[in-house]
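Engineer: Numbering (the UniProt record's numbering), first residue to last: 1 to 353. No residue lacks a Cβ here, since even glycine has one placed at the ideal position from N, Cα and C. Can you keep this structure in mind? I'll have questions shortly.
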DNA sequence: GAAACAATGAC
RNA sequence: GUUGUCAUUGUUUC
């Protein structure tokens, strides 16, 4: 059914070119970072996201003027001398669909631009070497591919799922381990130092400064890449053990052939994460179950078909009601496609819309 | 091909 | 009303 090919991790031409240049390139990363072209691209991205101001109150709209007034030149020379100190991020809590809160850390606009510029430099160095089973926060990859990959693994007689939930992953990333991973590919001391400063920049919670001795801020443009660099070790470990799995950020699922194997794997991986990556597995939310009972990125898997998880389905039904109340029959197919393009992979009979 | 806009999904 | 990142899709324009 799916002739939808999942891209391999083989570097594309752009990456290959830069990798070949790596030695010269790498000693010079900090200068690359400050290239006007790189910074301009970073600013465009930050602007397009239309985010809110950080603790300095500087908005996206006011930022270009700030740049022109020479403040950027001062900032740049501080950066070049290694004397630039990033501001703390602003704490904002937003509701999660499950009723919990997501803690965001919003950097100032200028720090978002600098972080974005760093991410643009680091991505070609790291991303081409990430696991084929890692789907979150990566160019040319998305949740749909992750779900299809899981379905394909299940077809290979792996009917049991190990759902692993990392508690507060982003908040608990270990700085030392992360920097160690970074040093493997980044030799530029100035760049490493700057990234370290961003990790330790702290958080403002109601005008109260809180140090950040661990974790990466959810809201920083660099954070998604750093999280993937951190969990790349896990991917490589799982691969070396011959496991079949898919990972989307901190959400990952390992497919095995029996409950017993699953229990063993969960235990082993839990210990690996605790000792090697200093990450805590949430035992309450982790489970070994038949794939039909599993949940990954809002989907569940039954008899080779991808289905919505009950909760996701409920939300979908609400959406359908709203859309179809007015236009029922006019363009059902189009509406359905708009609501959820992955629909054609779902067993509609069994979900009984 | 590029660059704007919007809306959706994941965290 | 407040509110980040990443990815994707669609539209438009040249």
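1) According to DSSP, which residues form a beta bridge with residue 286?
2) Using beta-carbon positions only, say whether residue 161 and residue 253 come within less than 8 Å of one another.
3) State the start and end residues of the unbroken alpha helix (DSSP H) segment that holds residue 169.
4) Got a sec, what are the start and stop residues for the beta strand (DSSP E) residue 254 sits in?
5) Where residue 191 and residue 293 are concerned, what is the direct C-alpha to C-alpha distance, given to the nearest angstrom?
6) Considering residue 216, what are the terminal residues of the beta strand (DSSP E) in which it resides?
7) So, under 8 Å CB-CB, residue 110 and residue 89 are touching, yes? Tell me the CB distance rounded to an integer number of Å.
8) Using the Cα positions of residue 100 and residue 28, report the straight-line distance between them to the nearest angstrom.
9) With DSSP as the reference, label residue 246 as helix, strand or coil.
10) Is the beta carbon of residue 203 closer than 8 Å to that of residue 116?
11) Taking just the CA atoms, how far does residue 73 sit from residue 67?
12) Starting from residue 161, follow its DSSP beta bridges and name the residues at the other end.
13) Look at the Cβ atom of residue 120, then the Cβ atom of residue 200, and state whether they are nearer than 8 Å.
14) Is it a yes or a no for the segment 222-230 touching the segment 158-173, going by three-plus beta-carbon pairs under 8 Å?
15) Please determine, among 49, 246, 225, the residue with the shortest C-alpha to C-alpha distance to residue 235.
16) Ignoring anything shorter than 3 residues or poking outside the segment 89-135, list the beta strand (DSSP E) runs there in chain order.
17) Can you tell me which residues form a DSSP beta bridge with residue 230?
18) Quick one: residues in its chain with C-beta nearer than 7 Å to the C-beta of residue 205, no 5 flanking neighbours on either side, listed in chain order?
19) Measuring only the C-alpha atoms, how far is residue 52 from residue 135?
20) Residue range of the beta strand (DSSP E) that residue 204 falls in?
21) Taking C-beta to C-beta, are residue 102 and residue 221 nearer than 8 Å?
22) Taking the straight line between their C-alpha atoms, what separation do you get for residue 288 and residue 212?
23) According to the Cβ coordinates, are residue 82 and residue 261 closer than 8 Å?
24) In chain order, what residues of the same chain have a beta carbon less than 8 Å from the beta carbon of residue 272, not counting five sequence neighbours either side?
25) In chain order, what residues of the same chain lie with their CB nearer than 7 Å to the CB of residue 85, ignoring the 5 residues before and after it?
26) Leaving out five residues before and five after residue 165 in sequence, what residues of the same chain have Cβ atoms less than 6 Å from its Cβ?
27) In whole angstroms, give me the CA-to-CA distance for residue 180 and residue 55.
28) Do you know whose CA, among 168, 128, 241, 210, lies nearest residue 185's CA?
29) Residue ranges of each alpha helix (DSSP H) run of no fewer than 4 residues wholly in the segment 53-94, ordered along the chain?
Structural biologist: Walking through what the data contain:
1) Paired residue(s): none; residue 286 is not in a bridge.
2) yes
3) 169-172
4) 251-256
5) 45 Å
6) First-last for residue 216: undefined, no H or E at that position.
7) With 8 Å as the limit, residue 110 and residue 89 do not qualify as a contact, their Cβ atoms being about 13 Å apart.
8) 43 Å
9) Under the three-state reduction of DSSP, residue 246 is assigned to strand.
10) no
11) 8 Å
12) 255, 289
13) The Cβ atoms of residue 120 and residue 200 do not sit closer than 8 Å to each other.
14) yes
15) 246
16) 89-95, 101-106
17) According to DSSP, residue 230 bridges with nothing at all.
18) 91
19) 27 Å
20) Looking at the DSSP string, the run of the beta strand (DSSP E) that includes residue 204 is 203-205.
21) no
22) 34 Å
23) no
24) 234, 237
25) 197
26) 282, 285, 286
27) Taking C-alpha positions only, residue 180 is separated from residue 55 by approximately 30 Å.
28) 128
29) The segment 53-94 is shown to contain whole alpha helix (DSSP H) runs of 4 or more residues at 63-66, 72-81, in chain order.
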